[in-house]
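Protein chains: 2
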Amino acid sequence: MASATALRNNCRKIICIGRNYADHIKELNSARPKQPFFFLKPPSSILPPNSGPVLRPRGVNLHYEVELGLVMGKTIRDFDAADEKGAIDAIESYIIAIDLTARNVQEEAKKKGLPWSIAKGFDTFCPISNIIPRSAIPDPHNAKIWLNVNNESRQNDSTELMLFRIPRQLQDISRVMTLEKGDIVLTGTPKGVGTVVEGDVMTCGLSVGGKEIDEARFEVK
Amino acid sequence: MASATALRNNCRKIICIGRNYADHIKELNSARPKQPFFFLKPPSSILPPNSGPVLRPRGVNLHYEVELGLVMGKTIRDFDAADEKGAIDAIESYIIAIDLTARNVQEEAKKKGLPWSIAKGFDTFCPISNIIPRSAIPDPHNAKIWLNVNNESRQNDSTELMLFRIPRQLQDISRVMTLEKGDIVLTGTPKGVGTVVEGDVMTCGLSVGGKEIDEARFEVK
Ligand SMILES: [Mg+2]
Ligand SMILES: [Mg+2]
Ligand SMILES: [Mg+2]
Numbered sequence: 142m143a144s145a146t147a148l149r150n151n152c153r154k155i156i157c158i159g160r161n162y163a164d165h166i167k168e169l170n171s172a173r174p175k176q177p178f179f180f181l182k183p184p185s186s187i188l189p190p191n192s193g194p195v196l197r198p199r200g201v202n203l204h205y206e207v208e209l210g211l212v213m214g215k216t217i218r219d220f221d222a223a224d225e226k227g228a229i230d231a232i233e234s235y236i237i238a239i240d241l242t243a244r245n246v247q248e249e250a251k252k253k254g255l256p257w258s259i260a261k262g263f264d265t266f267c268p269i270s271n272i273i274p275r276s277a278i279p280d281p282h283n284a285k286i287w288l289n290v291n292n293e294s295r296q297n298d299s300t301e302l303m304l305f306r307i308p309r310q311l312q313d314i315s316r317v318m319t320l321e322k323g324d325i326v327l328t329g330t331p332k333g334v335g336t337v338v339e340g341d342v343m344t345c346g347l348s349v350g351g352k353e354i355d356e357a358r359f360e361v362k
Numbered sequence: 142m143a144s145a146t147a148l149r150n151n152c153r154k155i156i157c158i159g160r161n162y163a164d165h166i167k168e169l170n171s172a173r174p175k176q177p178f179f180f181l182k183p184p185s186s187i188l189p190p191n192s193g194p195v196l197r198p199r200g201v202n203l204h205y206e207v208e209l210g211l212v213m214g215k216t217i218r219d220f221d222a223a224d225e226k227g228a229i230d231a232i233e234s235y236i237i238a239i240d241l242t243a244r245n246v247q248e249e250a251k252k253k254g255l256p257w258s259i260a261k262g263f264d265t266f267c268p269i270s271n272i273i274p275r276s277a278i279p280d281p282h283n284a285k286i287w288l289n290v291n292n293e294s295r296q297n298d299s300t301e302l303m304l305f306r307i308p309r310q311l312q313d314i315s316r317v318m319t320l321e322k323g324d325i326v327l328t329g330t331p332k333g334v335g336t337v338v339e340g341d342v343m344t345c346g347l348s349v350g351g352k353e354i355d356e357a358r359f360e361v362k
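Those sequence lines, one after another, are chains A and B. Its first residue numbered 142, the first sequence is counted upward by one per residue in this note's numbering. Its first residue numbered 142, the second sequence is counted upward by one per residue in this note's numbering.
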C-alpha cells in the first residue's frame, strides 16, 4: 500500500462528484442532478498529512467539504453499475479528503458559465489522510465521515446518504474518461460545509460501526 | 526528448487557456476575458499520433480547436509575467494539439453553471502531434497553426494573435496551481472552430516563416 506522499507524487487525476448528498444540495440552493456530474482537481492540489498548512489564497472564501475518496487500483472504462463486486474490486484503498473550494470564485464562475477548475484547483486544495486499506472499510456505503473546525463538529454523516452510489459513479465517470490505477475519486460531501479562515484547524476522520479508522489534521494559513 | 506516447503516459495535467484569440471569442458569442481563464483536461484524453481514431461520443456535437501546446520542463509557481526569458526557459518542447470539445454538452453546462470537465474530458479528446523541439520554434508568438478537415482549410492563424501571451498565461496559471515538468499548457484556439463527424479526417500542423515544422492526422470514428 502506497503512502499518501507516493499517492501525491503518482496520481494523474482527481475526479470529484458534485451534489451527491441531498442535504448539501439544499444548503447551497443547487438543483438536484438527474445523473452524477463531476469535475477535475489537479494532482498538484494534493496535500498529504503532515506536509504543511492549507494555503488560503487572498480574497477567497475558503469552504471545506469532507469526502470519502477512492484510490483506484486498476484501469476501468465503460464500467457497468450493475457490477457491484467489480466496483469494489477496482478500488485499491480509501482516503479521507477535503475538497477545498474557493466558494466566491466558484459562484462567480457559475454565474458566468465558466469552468470550475480555478475555484477547485489551487495548491493545497486537496488535503488527504493517510491511505486506508480496503479491508478497513467492509462497506464504503456504511461509514461515517466527519469534519471538525477548531474541535467543533461541522460535518458528520453516513456515506449511506449518497444519492448515487459508488458503482454508478464509476460507470458514469468511466463512460467519459478511463479511470487508471492511482486516480482518485471523491464521492461528494454531506451537509455542513462552511468557511475556514487563517488559524483555523480542520480535523477530519472516518469511522465504521463506531470505530475510528483514521483521522487527519490540517491548519489553515 | 520524450515521444508523444511517453508524454501521454507521464503527463499529470493539461491546462487549457480559454478565449485567447479575439475572432474566436466573436464566433462563439463569448465575453472577452479581463484575465486569462483556464480549465483542465485529464491526461487520459491524450491521443498520440498513429494510435487510433478520435472517438465521437453518441449525441455529441464534436468541435475541433487547434492549439499550440507547451510541454513544461520544470516546476514553476507564482511565475512573474515580466520574465519573458524565464517563460521560454520553463518550456521543454512544443506540440500541436486539438482541444476537442463536446460543444452541446459545454453549452448545457454553461447554462446551468456546471463544470466543463465532461465536455472537455472524454477519451481521445486531446489528439497531439509528435514532440516539436524548442529550437524549431524560435518565437512561440510567431508561428502559424492550422487545421484542415478533409483537406479543406478551417483554421489557419498566427500565434501572434494571442490576447494573453505565454508569460502571462504561465503567471496566471502558476498563481493558482504549480506547473510541473511534463504538464501541458494549451494556449487557446484561433477562429474557425466547427463540427466534425464520423469519417472526417482532421489534419493539423504548425509552420514558422513559411516552413512546415510538423503535421498530424486524425480520423473521427
Ligand atoms: Mg465536493
Ligand atoms: Mg471544470
Ligand atoms: Mg480550447
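C-beta atoms are modelled at their ideal positions from N, C-alpha and C, and glycine is treated no differently.
Cβ distance (whole Å) where residue i is taken to contact residue j below 8 Å
i: A/Ile236; j: A/Gly210; result: 4 Å
i: A/Glu206; j: A/Ile166; result: About 12 Å separates the two Cβ atoms, so there is no contact after all.
i: B/Phe180; j: A/Pro256; result: 4 Å
i: A/Leu203; j: A/Thr336; result: 6 Å
i: A/Val212; j: A/Ser192; result: Not confirmed; about 17 Å, so no contact.
i: B/Ile155; j: B/Cys267; result: 6 Å
i: A/Gly254; j: B/Lys252; result: 7 Å
i: B/Arg153; j: A/Arg358; result: Not a contact, Cβ separation roughly 27 Å.
Residue i CB to nearest heavy atom of ligand 3 below 6 Å
i: B/Thr328; result: no
i: B/Asp240; result: yes
i: B/Cys152; result: no
i: A/Glu339; result: no
i: B/Glu206; result: yes
i: B/Cys267; result: no
i: A/Cys157; result: no
Exposed unless 16 or more other CB atoms sit within 10 angstroms - verdict on residue i
i: A/Glu168; result: exposed
i: A/Pro333; result: Just to set this straight, residue 333 of chain A is Gly in the shown sequence, not Pro. So A/Gly333 counts as buried.
i: A/Gln199; result: Reading off the sequence, residue 199 of chain A comes out as Arg, not Gln. A/Arg199 is exposed by the Cβ-count criterion.
i: A/Ala147; result: exposed
i: A/Ser276; result: exposed
i: A/Val338; result: exposed
i: A/Asn161; result: buried
i: B/Pro274; result: exposed
i: A/Leu172; result: For clarity, residue 172 of chain A is Ala in the given sequence; the question names Leu instead. Per the 10 Å Cβ criterion, exposed.
i: A/Gly159; result: buried
i: B/Asp355; result: buried
i: A/Pro177; result: buried
i: B/Pro279; result: exposed
i: B/Glu353; result: exposed
i: B/Ser144; result: exposed
i: A/Glu249; result: exposed
i: B/Ala163; result: exposed
i: A/Lys182; result: buried
Neighbourhood of residue i by C-beta distance below 7 Å, restricted to the same chain and skipping five residues each side
i: B/Arg218; result: Ser315, Thr319
i: B/Arg306; result: His282
i: A/Gly214; result: Ala231, Ile232, Glu233, Lys322
Cβ neighbours of residue i in the same chain (closer than 6 Å, five flanking residues each side left out)
i: B/Asn151; result: Gly323
i: B/Asn297; result: Trp287
i: A/Ala222; result: Pro308, Arg309, Gln312
i: A/Glu360; result: Pro194, Val342
i: A/Ala243; result: Val201, Ala260
i: B/Leu196; result: Thr265, Lys362
i: A/Arg149; result: Ile187, Pro189
i: B/Leu327; result: Cys157, Glu208, Gly210, Ala238, Asp240
i: A/Phe220; result: Leu311, Gln312, Ser315
Cut-off 8 Å between Cβ atoms - residues of its own chain near residue i, not counting five sequence neighbours on either side
i: B/Thr216; result: Thr319, Leu320, Glu321, Lys322
i: A/Glu225; result: Pro308
i: B/Gln247; result: Trp257, Ala260, Lys261
i: A/Asn102; result: With chain A covering only 142 through 362, there is no way to say anything about residue 102 of chain A.
Segment contact, 8 Å Cβ cut-off, at least three pairs: the stretch 184-197 of chain A with the stretch 259-274 of chain A: yes
Cβ contact check for the stretch 269-287 of chain B and the stretch 299-308 of chain B: 3 or more pairs under 8 Å: yes
Contact between the stretch 343-355 of chain A and the stretch 289-298 of chain A (3+ Cβ pairs under 8 Å): yes
Residues in the stretch 161-194 of chain A having any Cβ partner in chain C nearer than 7 Å: As a matter of chain content, chain C is missing from the structure shown, whose protein chains are A and B.
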